[in-house]
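See below for the structure under consideration.
In the UniProt record's numbering, the protein residues as written are 1 to 118.
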């Protein structure tokens with residue numbers, strides 16, 4: 001599956017701590033904190049990893065770390081699952097939504113004459 005934004009990129013080279021606050025992909029949240037924020041169990045977050053929706057980075061101690069972007073994907077998954085969508089189908093829907101948003105962004109940039117980036 002081609003997932004345009006689903007990979008975590010980290011901070012920009014040479015970026016300082018302030019850059020991390022604005023970086024959607026910075027893995028700032030532990031599994032416990034992420035689960036608490038989303039109102040889900042750690043097992044639910046692990047299942048999203050198994051379904052290849054999100055791939056959390058690991059801390060030096062081996063603990064999963066999630067970015068704000070990944071938390072948004074997980075929140076969308078929870079929304080779909082709460083509506084009765086099977087987990088695997090919910091993950092596929094989210095991946096397709098993400099791909100569509102990326103394609104629309106690139107198309108808009110091309111129409112403006114701006115070279116696509118990302």
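Positions of the beta carbon are idealized from the N, C-alpha and C atoms, including for glycine. On a predicted model such as this, the values are computed, not experimentally measured, just so you know.
Setting aside the 5 residues that flank it on each side, residue 69 is surrounded in the same chain by 24 and 25, each with a C-beta closer than 6 Å to its C-beta; the list follows chain order. Its Cα nearest to that of residue 78, the residue 35 stands out among 22, 27 and 35. Contact between the stretch 84-94 and the stretch 102-114 is not established, with fewer than three Cβ pairs separated by less than 8 Å.
The alpha helix (DSSP H) runs lying completely inside the stretch 40-84 and spanning 4 residues or more are 42-50 and 68-82, given in chain order.
Residue 56 and residue 72 have their C-alpha atoms some 13 Å from each other. For residue 30, same chain residues with a beta-carbon under 7 Å away, outside a window of 5 residues either side, are 63 and 65 in chain order.
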